[in-house]
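**Q** In the numbering used here, the protein residues as written are 0 to 298.
1) So what's residue 206 in DSSP terms, helix, strand or just coil?
2) I'd like the list of long-range same chain contacts for residue 32, defined as Cβ closer than 8 Å, with 5 residues on each side in sequence excluded.
3) Excluding sequence positions up to five away, which residues of its chain have a Cβ less than 6 Å from the Cβ of residue 35?
4) Whole angstroms are fine: how far does the CA of residue 273 sit from the CA of residue 267?
5) Mark residue 215 as exposed unless 16 or more other C-beta atoms lie within 10 angstroms of its C-beta, in which case mark it buried.
6) Where do the N-terminal and C-terminal ends of the alpha helix (DSSP H) with residue 118 fall, by residue?
7) Report buried or exposed for residue 262, applying the criterion of at least 16 other Cβ atoms within 10 angstroms of its Cβ.
8) Relative to the alpha-carbon of residue 62, which residue among 71, 52, 70 has its alpha-carbon at the smallest distance?
9) Judging by CA-CA distance, which residue of 257, 104, 74, 225 is the nearest neighbour of residue 271?
10) In the DSSP assignment, find the unbroken beta strand (DSSP E) run with residue 134 in it and report its ends.
11) What three-state label does DSSP hand residue 68 in the structure shown?
12) Assuming contact is defined by CB atoms lying nearer than 8 Å, are residue 234 and residue 217 in contact in what I supplied?
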């Protein structure tokens, strides 16, 4: 079992005829993802990568190909409209890879999605992968292995680093999700922890946070209150000076909020094992899972 997507998911790629859309559609198909349709306004009626049909609109792709997941490679000025178009067409999972969407556009998106039965992953994220089943996004599929650990991360690059360590440690991944590094993203850690709590394939979670915002503190409160599985965390940006943006638009300490130490304290108080050495995170996960007794053969 996995959360949000699996081998039955039918994906539409918005922006499939663009350079990034074409490149990553090929990688997704190579991994085994069912890319059933593409959308590029004005180019409907043609064929894209590997014969994938192209439509003018997401609504047409839904009607013709029964797609239920969208992956968006649309340039920033048009990406917010692309998200809302997918939501209006009742696509249930929307993955937005695009980086640099204006904040006010995302405010509009957040308002539009309120009350709708869909989930937005991203923007500014690597996407979601259920190893051995499907991937929707840009993550390198070959470093992933199917297994019992879920990975939730605000950083795409650190997601890859952690996944590679988990695989080398003999642990695999159930679902990996990059939630995005922008100030306004569609889903937070809690949205996914709520699903992972009931996922029998997931025995533990690695959570990769960073400075800025309060997502990690909120996740800590949720874990303490009602998440029964072992959680290992790493917080990036511990040495970042206040007021300076560190890579991600959402990774900035402002008004005294968003400090790494505050997040570490909150997580540790919630019973989460916080790794201070990123290079040993895979080994730390192995030790924590073994001590918890959920992976006796790997201890």
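Note that the Cβ used here is the ideal one computed from N, Cα and C, for glycine as well.
**A** Taking the geometry as given:
1) DSSP places residue 206 within a strand segment (E or B) once states are collapsed to three.
2) 8, 10, 133, 134, 135
3) 9, 64, 66
4) 7 Å
5) The residue in question, residue 215, is buried, as its Cβ has 16 or more Cβ neighbours within 10 Å.
6) Taken as a continuous stretch (DSSP letters only), residue 118 belongs to no alpha helix (DSSP H), being part of the beta strand (DSSP E) at 118-120.
7) buried
8) 52
9) 225
10) 133-136
11) strand
12) no
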